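Sequential numbering from 61 applies to the sequence shown in the working numbering. Structure, as structure tokens:
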Amino acid sequence: MSFNSTDEYQKFETLFKQYYSGLVVYASRFTGNTENAEDLVHDLFIHIWEDNRILGTDHIKAYLFTSIRHRCLNYLDHLKIRNEYQEKILQKGDITGMLTWEYYVEAELRQHIETAIDHLPPQARKIFLMNRFDRKTAVTIAAELGLSPRTVEKHLEVALKSLKKELKDYLPTTLLLWLFP
Numbered sequence: 061m062s063f064n065s066t067d068e069y070q071k072f073e074t075l076f077k078q079y080y081s082g083l084v085v086y087a088s089r090f091t092g093n094t095e096n097a098e099d100l101v102h103d104l105f106i107h108i109w110e111d112n113r114i115l116g117t118d119h120i121k122a123y124l125f126t127s128i129r130h131r132c133l134n135y136l137d138h139l140k141i142r143n144e145y146q147e148k149i150l151q152k153g154d155i156t157g158m159l160t161w162e163y164y165v166e167a168e169l170r171q172h173i174e175t176a177i178d179h180l181p182p183q184a185r186k187i188f189l190m191n192r193f194d195r196k197t198a199v200t201i202a203a204e205l206g207l208s209p210r211t212v213e214k215h216l217e218v219a220l221k222s223l224k225k226e227l228k229d230y231l232p233t234t235l236l237l238w239l240f241p
């Protein structure tokens, strides 16, 4: 939903600029993590954007800080439930639950890898996919694309450096070295 007037948009922009950083600091006290706090604050402002009636509220500061506190507590409850579920799986040796968890982790990791590949420059992405998934050599790729083998190797080098950098938080170093030598 968009705002009906420039005035409403300016109110939203002012509200965002005035309270964003304070809300992130406040939320990070709950989450212990600035990145998660920023996500929660962004979600709150998206809610305000979608329901712009809130902008007319007289006690907007109280509303914002109360709302972010509730969002943080809900986030922590969700995190606690997820951690308890993982713990129960490990304690019981529930292979079905563990497989479900492994599937979830694998799917999430696969999504991060696909996103990282999508962020590559088009030519580097094409060459990387031909090399890693079609198992083609640099010489074969060069012949198919009308490039020199050295150019293909440079594109692979660019792709691998970019992927290592983008995936460093998701994959252990040894796995990165194995996937992207």
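All C-beta atoms, glycine included, are put in the ideal place defined by N, C-alpha and C. Because the structure is a prediction, the values reported are computed rather than measured.
Rounded to the nearest angstrom, the gap between the Cα atoms of V85 and P181 is 36 Å.
At a Cβ-Cβ threshold of 8 Å, H215 and A176 do not count as neighbours.
In the three-state scheme derived from DSSP, where H, G and I count as helix and E and B as strand, R142 is classed as helix.
When the beta-carbon positions are compared, L100 and C132 come within less than 8 Å of each other.
For H102, the enclosing alpha helix (DSSP H) has its first and last residue at 94–110. Annotated three-state conformation of F193 is coil, per DSSP. Of all alpha-carbon atoms in V212, Q171, S81, F90, the one lying nearest the alpha-carbon of V199 is that of V212.
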